[in-house]
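Now the structure itself:
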C-alpha cells in the first residue's frame with residue numbers, strides 16, 4: 001500500500017494510472033476507520049482497478065463550536081485496517097497544502113443543504129463540497145464511494161458532481177451497523193457506557209418507522225410524532241430534528257412514499273448522532 | 001473543424017484525446033469573435049495538440065439589468081473565424097444542458113472578486129467561476145487561455161484553479177487593441193460613432209499612467225486623480241472606477257510598483273468598457 005502526502009504526487013500518480021487505462025475508485029474519509037469505512041473500500045475494490053482512500057480531517061466542515069480538535073485520529077491503526085482490505089493508495093494531505101494562506105474558493109450546493117443538518121450546521125456542507133471538489137481534482141477518480149449513513153452528504157455530493165459536470169460516478173453504500181443496530185460512526189467513540197445504550201434509540205425509532213410504514217402509515221406528521229416520542233422516552237437524548245423528506249430534493253414531504261427518507265439527528269449526551277431510513281427499503285444489521 | 005453540442009460528447013472526445021496522450025488547450029468565449037479571441041486561439045494552437053474553443057453566452061454572469069439578451073451573437077461568422085485560425089473543436093452548449101431545472105451549485109472565489117468590477121457587478125464573478133469550472137470539467141483541458149483585458153477575471157480564474165487543485169495551467173494573453181489603442185471587445189459594437197471616439201479616453205488614460213510612472217510617479221492617489229480627470233474631460237464618459245491594485249490580491253495599494261495594476265471601468269454612453277495597465281509593462285497596440 002502506497003502512502004502519498006503531496007497533492008502534486010497524487011495527481012501525477014492518478015494521471016499515470018488513467019493514461020494506462022486503469023480505473024480509480026476513491027473513498028474520501030476523515031480517518032479513524034470502522035467497519036463502515038472498510039465496507040466502502042471493499043466496494044471500491046470491486047468496481048475499479050485501483051482504490052485510493054484519503055484520510056483528512058477537514059477543518060472547513062466543522063463549525064466553531066464543533067469537535068474538530070478532538071475528532072479521533074489514529075493513522076497507524078487506519079493504515080493497518082486499510083491494508084487489510086487491499087486499499088492501493090492512502091492519500092494523506094496536510095492542512096497547509098489543502099488550505100494555504102490566502103485560500104478563498106468555496107463550492108456551494110444551495111438547495112439540498114438547507115434542510116436537516118444544514119439548519120444546525122450552517123457551514124458544514126460548504127466545507128464538505130469544497131473539500132470533496134478538491135479531492136476529486138487531486139485523486140481524479142472514475143468512481144467515488146460514499147456511505148448513506150450521511151444521507152444528506154451523499155445527496156449533496158451527487159448534486160455537485162452533476163451540476164459541475166464532474167466526470168465521475170458517485171456510488172452510495174448502505175449504512176453499516178453494530179450488532180445491535182447502532183450505525184457505525186467514528187463519533188460513537190465519544191459515548192459513555194450509559195449513552196451507548198441510549199444511542200440505540202435512533203435505530204429503534206427507524207425500526208418503528210419501518211413497521212408503521214409497512215402497516216400503512218403514510219402521514220409524515222403522525223410518523224414524526226411517534227418517532228420523536230420514542231426517542232424522548234430514552235435518557236440522555238435530545239432530538240435535533242426528525243424529518244421526512246424527498247430523497248432527491250431533501251425538502252419536507254407531508255405524504256410518505258418510496259421516494260421519502262426519514263432522517264434524524266439526536267444528541268446523546270454531548271455527542272450528536274445521525275441516522276436515516278429510506279421507506280420501502282429493508283433496515284439491515 | 002468539429003462542432004460538439006452536448007456535454008457527454010465533449011467529455012468523451014476529450015477523454016479519448018487524453019488517453020492518446022494528446023494535449024488540449026481551451027479558449028472559453030461568449031462568441032462574437034474579434035482579433036482578441038483569435039489571438040487566444042492562435043496562442044492555444046501553439047501550446048497544445050488540439051484547440052477547443054467554447055461559445056456560450058453564460059446567463060449566470062449577467063446581472064438583471066445587464067445586456068444578456070442583447071449581447072451580440074453570430075454563430076456562422078464565429079465558426080468561419082475559428083476555422084481560419086485552425087481551431088479543432090467548437091463546443092457550443094445549450095442553456096438547458098448547462099443549467100438544467102433544479103441547478104443549484106456555484107463556485108465562489110471570495111476575496112479577489114470583491115474590488116473593481118465586483119462592486120458594481122456583485123454576482124458577475126460567481127457566474128464566471130461557476131461556468132469556467134463546469135467548462136473545465138467538460139473540456140478537460142491541459143491549458144486554458146484567457147485575455148488579460150479582463151484582468152480581474154484572469155486573476156479570479158487562476159485563484160479558483162489553484163484553490164480547487166484543478167490540474168490545468170492558466171495562460172494570460174496580452175490585450176489586443178484596435179489601431180488607435182481601444183481594447184478589442186465584443187461590446188465595442190454597441191458604440192455610436194461619437195462614442196467610439198470618446199472610448200479612446202480609456203487607452204489615452206492608460207498611456208498617461210505609463211508616462212507618469214516612467215517619470216517617477218509612485219503615489220496612487222495622484223495617479224488616479226490625473227487619470228480620472230483625463231477621462232472626465234471627454235464627452236459621453238462616466239467613470240465607474242479607476243483603481244490601482246496589487247496584481248495578485250486586487251486590493252488597493254497606495255504606493256505603485258511593478259506588482260501594481262491600474263484598472264478602470266468607464267461607461268461610454270450606455271456601454272461599460274474596461275481596460276488595465278500593469279506598471280512596468282509596455283502598452284502595445
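Chains as they are written, first to last, in our numbering: chain V, 1 to 285; chain W, 1 to 285.
No residue lacks a Cβ here, since even glycine has one placed at the ideal position from N, Cα and C.
Helix or strand or just coil, what does DSSP make of residue i?
{"i": "residue 255 of chain V", "result": "strand"}
{"i": "residue 183 of chain W", "result": "strand"}
{"i": "residue 175 of chain V", "result": "coil"}
{"i": "residue 59 of chain W", "result": "helix"}
{"i": "residue 25 of chain V", "result": "strand"}
{"i": "residue 211 of chain W", "result": "helix"}
{"i": "residue 87 of chain V", "result": "coil"}
{"i": "residue 291 of chain V", "result": "This structure leaves residue 291 of chain V out entirely; chain V is present only between 1 and 285."}
{"i": "residue 204 of chain W", "result": "helix"}
{"i": "residue 43 of chain V", "result": "helix"}
{"i": "residue 104 of chain V", "result": "coil"}
{"i": "residue 74 of chain V", "result": "coil"}
{"i": "residue 147 of chain V", "result": "strand"}
{"i": "residue 234 of chain V", "result": "coil"}
{"i": "residue 221 of chain V", "result": "helix"}
{"i": "residue 275 of chain W", "result": "strand"}
{"i": "residue 7 of chain V", "result": "helix"}
{"i": "residue 260 of chain V", "result": "strand"}
{"i": "residue 2 of chain W", "result": "strand"}
{"i": "residue 120 of chain W", "result": "helix"}
Which same chain residues, not among the five before or five after residue i, have their C-beta less than 8 Å away from its C-beta?
{"i": "residue 230 of chain V", "result": "201, 204, 205, 208"}
{"i": "residue 156 of chain W", "result": "109, 112, 113, 125, 128, 129"}
{"i": "residue 150 of chain V", "result": "274"}
{"i": "residue 4 of chain V", "result": "10, 13, 89, 90, 91, 92"}
{"i": "residue 50 of chain W", "result": "17, 22, 23, 24, 25, 88, 89"}
{"i": "residue 58 of chain W", "result": "30, 98, 127, 128, 131"}
{"i": "residue 118 of chain V", "result": "124, 125, 152"}
{"i": "residue 63 of chain W", "result": "121, 122, 123, 124"}
CB-CB under 6 Å to residue i, same chain, minus the five flanking residues each way: which ones, in chain order?
{"i": "residue 271 of chain W", "result": "187, 190, 191"}
{"i": "residue 37 of chain W", "result": "29"}
{"i": "residue 43 of chain V", "result": "145, 173"}
{"i": "residue 27 of chain V", "result": "40, 41, 44, 53, 145"}
{"i": "residue 120 of chain V", "result": "240"}
{"i": "residue 47 of chain V", "result": "25, 143"}
{"i": "residue 61 of chain W", "result": "124, 127, 128"}
Could you check how far apart the C-beta atoms of residue i and residue j are, in whole angstroms? I think they sit under 8 Å.
{"i": "residue 85 of chain V", "j": "residue 45 of chain V", "result": "7 Å"}
{"i": "residue 39 of chain V", "j": "residue 24 of chain V", "result": "Actually they do not touch by this definition, with Cβ atoms about 19 Å apart."}
{"i": "residue 129 of chain V", "j": "residue 108 of chain V", "result": "7 Å"}
{"i": "residue 170 of chain W", "j": "residue 165 of chain V", "result": "Actually they do not touch by this definition, with Cβ atoms about 19 Å apart."}
{"i": "residue 95 of chain W", "j": "residue 32 of chain W", "result": "Rounded, the Cβ-Cβ distance is 17 Å, inconsistent with contact."}
{"i": "residue 173 of chain W", "j": "residue 140 of chain W", "result": "About 21 Å; that fails the 8 Å criterion."}
{"i": "residue 195 of chain W", "j": "residue 268 of chain W", "result": "5 Å"}
{"i": "residue 264 of chain V", "j": "residue 152 of chain V", "result": "12 Å between Cβ atoms; not a contact."}
{"i": "residue 175 of chain V", "j": "residue 159 of chain W", "result": "Not a contact, Cβ separation roughly 38 Å."}
{"i": "residue 219 of chain W", "j": "residue 285 of chain W", "result": "Residue 219 of chain W to residue 285 of chain W, Cβ: 28 Å. No contact."}
{"i": "residue 19 of chain V", "j": "residue 19 of chain W", "result": "7 Å"}
When you compare each of the options to residue i by their alpha carbons, which one comes out closest?
{"i": "residue 70 of chain W", "options": "W:48, W:198, W:30, W:52", "result": "W:30"}
{"i": "residue 198 of chain W", "options": "W:115, W:5, W:273", "result": "W:273"}
{"i": "residue 260 of chain V", "options": "V:242, V:106, V:266, V:26", "result": "V:242"}
{"i": "residue 228 of chain V", "options": "V:218, V:215, V:262, V:255", "result": "V:262"}
{"i": "residue 34 of chain V", "options": "V:27, V:184, V:122, V:252", "result": "V:184"}
{"i": "residue 76 of chain V", "options": "V:279, V:55, V:116, V:115", "result": "V:55"}
{"i": "residue 163 of chain W", "options": "V:81, V:102, V:62", "result": "V:102"}
{"i": "residue 81 of chain V", "options": "V:8, V:68, V:1, V:66", "result": "V:1"}
{"i": "residue 214 of chain V", "options": "V:256, V:236, V:232", "result": "V:256"}
{"i": "residue 7 of chain W", "options": "W:100, W:237, W:83", "result": "W:100"}
{"i": "residue 193 of chain V", "options": "V:244, V:232, V:236", "result": "V:236"}
Please return the same chain residues whose Cβ sits closer than 7 Å to the Cβ of residue i, not counting the five positions on each side in sequence.
{"i": "residue 168 of chain W", "result": "136, 141, 142, 143, 144, 161"}
{"i": "residue 210 of chain W", "result": "277, 283"}
{"i": "residue 280 of chain W", "result": "258"}
{"i": "residue 72 of chain V", "result": "32, 186, 189"}
{"i": "residue 246 of chain V", "result": "253, 259, 260"}
{"i": "residue 212 of chain V", "result": "223, 226"}
Which residues, in chain order, does the segment 105-126 of chain V contribute to contact with chain W at a C-beta distance below 8 Å?
-> 105, 106, 107, 108, 109, 110, 111, 112
Give the residues from the segment 134-150 of chain W that approach chain V closer than 7 Å (Cβ to any Cβ), ordered along the chain.
-> 134, 137, 138
At a Cβ cut of 7 Å, what residues of the segment 74-101 of chain W count as close to chain V, listed as they run along the chain?
-> none
Selection of the segment 153-182 of chain V by Cβ proximity to chain W, strictly under 7 Å = 159, 160, 163, 164, 165, 166, 167
Compile a chain-ordered list of the residues in the segment 53-65 of chain V whose CB is closer than 7 Å to at least one CB of chain W.
-> none
Taking a Cβ distance cut-off of 7 Å, strictly less, list which residues of the segment 247-264 of chain W are near chain V, in chain order.
-> none
Listed from N- to C-terminal order along the chain, which residues in the segment 5-17 of chain V have their beta-carbon within a distance smaller than 8 Å of any beta-carbon of chain W?
-> 7, 11, 15
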